[in-house]
Amino acid sequence: MDGEPHDVPISSREHAQSLDAQDPLSHLKEQFLIPSKGQLKAESLQAASRDSASADGHDSENSIYLVYLCGNSLGPQPKLVATRLQQHLNTWSSQGVFGHFKALNQSPLPTWLDADAKASESIAPIVGAHPDEVAVMQTLTANLHFLMSAFYKPDITKRHKIILETKAFPSDHFVVETQIRHHNLNPETSMITISPPTPETPLTTDHIISILDANANDTALLLLPGIQFYTGQFLNIPLITAHARSLGIFTLWDLAHAVGNVPLQLHDWDVDAAVWCTYKYLNSGPGTIGGLFAFKNHLFKILTPSDPEQRGAQLSLQLVPGLLHVVMRELVLRSVVVDERQPDVVRVAPAPLFNSFEDCWVFVDAFAQAIEIAVKAKENGDDGKKQGIEGGELEMTS
Numbered sequence: 001m002d003g004e005p006h007d008v009p010i011s012s013r014e015h016a017q018s019l020d021a022q023d024p025l026s027h028l029k030e031q032f033l034i035p036s037k038g039q040l041k042a043e044s045l046q047a048a049s050r051d052s053a054s055a056d057g058h059d060s061e062n063s064i065y066l067v068y069l070c071g072n073s074l075g076p077q078p079k080l081v082a083t084r085l086q087q088h089l090n091t092w093s094s095q096g097v098f099g100h101f102k103a104l105n106q107s108p109l110p111t112w113l114d115a116d117a118k119a120s121e122s123i124a125p126i127v128g129a130h131p132d133e134v135a136v137m138q139t140l141t142a143n144l145h146f147l148m149s150a151f152y153k154p155d156i157t158k159r160h161k162i163i164l165e166t167k168a169f170p171s172d173h174f175v176v177e178t179q180i181r182h183h184n185l186n187p188e189t190s191m192i193t194i195s196p197p198t199p200e201t202p203l204t205t206d207h208i209i210s211i212l213d214a215n216a217n218d219t220a221l222l223l224l225p226g227i228q229f230y231t232g233q234f235l236n237i238p239l240i241t242a243h244a245r246s247l248g249i250f251t252l253w254d255l256a257h258a259v260g261n262v263p264l265q266l267h268d269w270d271v272d273a274a275v276w277c278t279y280k281y282l283n284s285g286p287g288t289i290g291g292l293f294a295f296k297n298h299l300f301k302i303l304t305p306s307d308p309e310q311r312g313a314q315l316s317l318q319l320v321p322g323l324l325h326v327v328m329r330e331l332v333l334r335s336v337v338v339d340e341r342q343p344d345v346v347r348v349a350p351a352p353l354f355n356s357f358e359d360c361w362v363f364v365d366a367f368a369q370a371i372e373i374a375v376k377a378k379e380n381g382d383d384g385k386k387q388g389i390e391g392g393e394l395e396m397t398s
């Protein structure tokens, strides 16, 4: 290796130091607060403060910083966290309610109204998604429930089973059992667990595929980890997803140990849906907000042919079940009138005699807002059916 004596053993400290000298990420270590040996011994918050860590002198044993190898459980605190929190508090104290929409010069913070959109823009490249496919919200377990509530629609005479690994994280098991019972089914008959072929071998892709094939006719959903929390095994997300999709099985990935750890391309891999937490490799702090991904096609299915020669002015959009009423209400509230077809289709027909290109732009903008509101409403148990005409929904003729 260039710049390194050739007689340095690969297992030596000198070799490790030479790798550090060439590591383009080595400077980032200074951006984190790593606990010291003295802080870990502390019995009080005051004693554990950063100032007390060096009270015995810079060279004391207590001031030695730990070799922190636990980022898979809880990432260390970035130094910038305290600064950003104080900036939010300063904005609140100085602006009050205006902090929701007033952007301050020289502030790195988004307005509070735009915080969710900014968070989506930030997380999207980390998971390989489009910003409108992700949301930073809730917790991993809550997001599992939200996604299963939207996409797990069991039919006991056809597809009703959920497949997951035997050694899945306990909360994933609880969610699956809860969702199955929510539909008045029995986990003993509607839940399948995958174990490795032998206790000494990992959970191979071939074995997973064989289980899918054997249960293809009655399986509705597959839940797997991107990285197995106990063994650290990185599963073949694109291959397993593609095979499950070919069998008509919806695939949901728990990426708690994968996000920020391995490269992810959820959109390009055609992943159906995924969830994650942010306190491990993303270093956001204990108990902080989670995230979810839903593939675009599961929100914006276009029924009209894409070939211009095979269509006229009409565009028919099929929504996820349970969104139509709120979407229609929100469109009318934004002065946009379209047609609906129960249970989940919106028909849009810009006519060149009286519609403009700007009208089309207004629809797209309003539709995006309506979808976002409808998804959140569904998460809160509101399907919009009680709103009626007063809420903005119109009954259209054929």
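In this text, residue positions in the sequence shown follow UniProt numbering: the first is 1, and each later residue adds one. All C-beta atoms in this analysis are idealised placements derived from N, C-alpha and C, irrespective of residue type, glycine included. Model, not experiment: these values are computed from the prediction.
- Residue pairing by DSSP places Asp254 opposite Pro225, Val275 in a beta bridge.
- For the segment 310-393, the full-length beta strand (DSSP E) segments reaching 3 residues or more read 315-318, 339-341, 345-348 along the chain.
- When His182, Val275, Gly312, Tyr230 are compared, the shortest CA-CA separation from Pro350 is found for Gly312.
- The way I'd put it, the segment 111-118 doesn't touch the segment 249-269; fewer than three beta-carbon pairs between them come closer than 8 Å.
- Distances from the CA of Gly287 to each of Gln138, Glu30, Ser93 were compared; the closest alpha carbon is that of Gln138.
- For a cut-off of 8 Å, the C-beta gap from Lys301 to Gln318 is around 4 Å, short enough to register as a contact.
- Each of Asp272, Val346, Lys280, His325 was checked against the Cα of Thr304, and the nearest Cα belongs to Val346.
- Positions of the alpha helix (DSSP H) runs, each at least 4 residues long and wholly inside the segment 88-176, are given as 115-127, 140-151 in order along the chain.
- Annotation: the continuous beta strand (DSSP E) that includes Leu292 extends over 291-294.
- In this structure Ile237 is in contact with Trp269, their Cβ atoms being roughly 6 Å apart against a cut-off of 8 Å.
- Pairwise C-beta distances place the segment 229-248 in contact with the segment 206-214, as three or more of them are shorter than 8 Å.
- In this chain, the alpha helix (DSSP H) harbouring Thr189 covers 187-190.
- In this structure, Ile64 sits near Ser36, with a CB-CB distance shorter than 8 Å.
- Excluding sequence positions up to five before and after Leu33, its CB lies within less than 8 Å of the CB of Arg50, Pro76, Gln77, Pro78, Lys79, all in the same chain and listed in chain order.
- In this chain, the alpha helix (DSSP H) harbouring Thr205 covers 205-214.
- Proximity of the segment 162-169 to the segment 217-226 meets the contact definition, three or more beta-carbon pairs being nearer than 8 Å.
- When the Cα atoms are used, Ala368 and Lys153 turn out to be separated by approximately 25 Å.
- Look at Gln265 here: in three-state DSSP terms it is coil, with no helix or strand label.
- Annotated three-state conformation of Gln233 is coil, per DSSP.
- Per DSSP, Gly38 is one residue of the alpha helix (DSSP H) stretching across 37-41.
- Straight-line measurement puts the Cα of Asp23 at about 21 Å from the Cα of Cys70.
- Looking at the backbone, the Cα of Ala124 and that of Asn143 are separated by about 17 Å.
- For Gln233, same chain residues with a beta-carbon under 8 Å away, outside a window of 5 residues either side, are Pro202, Leu203, Ile227 in chain order.
- In this structure Asp272 is buried. Its beta-carbon is surrounded by 16 or more other beta-carbon atoms within 10 angstroms.
- When the alpha-carbon of Ala377 is set against those of Cys360, Val326, Glu358, the nearest one is in Val326.
- A Cβ-Cβ separation of about 6 Å places His257 in contact with Asn72 under the 8 Å criterion.
- Here Pro78 is bridged, per DSSP, to Phe32.
- According to DSSP, Ile194 shares a beta bridge with Glu165.
- When DSSP reads this structure, Lys301 sits in a beta bridge with Gln318.
- Contact annotation, Ile126 with Val259: C-beta distance approximately 6 Å; criterion of less than 8 Å satisfied.
- Pairing Thr141 with Phe98, the inter-Cα distance amounts to about 33 Å.
- Thr219 carries a strand assignment under DSSP once its states are collapsed to helix, strand and coil.
- In the DSSP assignment, Glu200 falls outside any alpha helix (DSSP H), carrying neither H nor E.
- Between the beta-carbon of His267 and that of Ala129 there is about 5 Å, and that keeps the pair under the 8 Å contact cut.
- Taking C-beta separations shorter than 8 Å and ignoring five residues to either side along the sequence, the partners of Tyr279 in its chain run Leu74, Gly75, Gly285, Pro286, Gly287, Thr288, following chain order.
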